[in-house]
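If you use my numbering, the sequence shown corresponds to residues 101 to 251, in order. First the structure, in the form of structure tokens, and then the observations on it.
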Amino acid sequence: MPIRSPDDPAEQPRSDGPSRRPLYGISVAAELSGFAVGALRLYEQHGLVAPTRTDGGTRRYSDFDIARLRRVAELIGDGVNLVGIGQILALEQRTADLTHDNNQLTARNDQLTADNTRLSSEWRNASAIGQRRDREDQPGGDTRPRATGCT
Numbered sequence: 101m102p103i104r105s106p107d108d109p110a111e112q113p114r115s116d117g118p119s120r121r122p123l124y125g126i127s128v129a130a131e132l133s134g135f136a137v138g139a140l141r142l143y144e145q146h147g148l149v150a151p152t153r154t155d156g157g158t159r160r161y162s163d164f165d166i167a168r169l170r171r172v173a174e175l176i177g178d179g180v181n182l183v184g185i186g187q188i189l190a191l192e193q194r195t196a197d198l199t200h201d202n203n204q205l206t207a208r209n210d211q212l213t214a215d216n217t218r219l220s221s222e223w224r225n226a227s228a229i230g231q232r233r234d235r236e237d238q239p240g241g242d243t244r245p246r247a248t249g250c251t
């Protein structure tokens, strides 16, 4: 029963977190997360976890889902209700997304700064060469020693 193509971006592990590749059935996910199967269904209904479904409708949980369920357990332990957990998880995901975007923009900015420095240097060198040629083209402007009287 195929779930998704291995080339599907959702199955590719992100460099900044657990794999999103669907691996575990609901009973294994329950064991790994420490929750009952019914709790996993409830958390899915509340949007706290979104396991992938096979063509036959079977839930498949990824390492990302298991990590998220463990975070749900932490928040429940802290006394947060399910609505609050949903909001916290959404804010944490938004923060992670913004951090990822910021890191990419910082890397791009660093590259552009390096390119700008290199191009500025090349422009100054080209400008200096052009100024020398302009001086050489003017009458009496060639200051290079000339070989004369060579036999």
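Note that CB positions come from ideal geometry on N, CA and C, so glycine has one too. Please read all numbers here as calculations on a predicted model, not as lab measurements.
Inside the region 116–153, DSSP marks whole alpha helix (DSSP H) runs of 4 or more residues at positions 126–133 and 137–145, from first to last along the chain. Per DSSP, the continuous alpha helix (DSSP H) segment holding Gly-177 begins and ends at 163–177. Bounds of the alpha helix (DSSP H) holding Gly-186 are 182–237. Contact between Arg-170 and Leu-123 does not hold, since their C-beta atoms are separated by about 16 Å, which reaches or exceeds 8 Å.
Counting only the Cα atoms, Asp-215 lies some 18 Å from Ser-227.
C-alpha of Asn-202 to C-alpha of Val-183: approximately 28 Å in a straight line. For Val-137, the CB contacts under 7 Å within the same chain, skipping 5 residues up- and downstream, are Ile-126, Ser-127 and Ala-130 in chain order.
Pairing Asn-225 with Thr-213, the inter-Cα distance amounts to about 18 Å. A direct Cα-to-Cα measurement between Leu-191 and Arg-121 gives close to 23 Å. In this structure, the straight-line span from the alpha carbon of Glu-222 to that of Ile-229 is close to 11 Å.
A check of alpha carbon separations from Thr-152 across His-146, Ser-162, Tyr-143 and Gln-145 identifies Ser-162 as the nearest.
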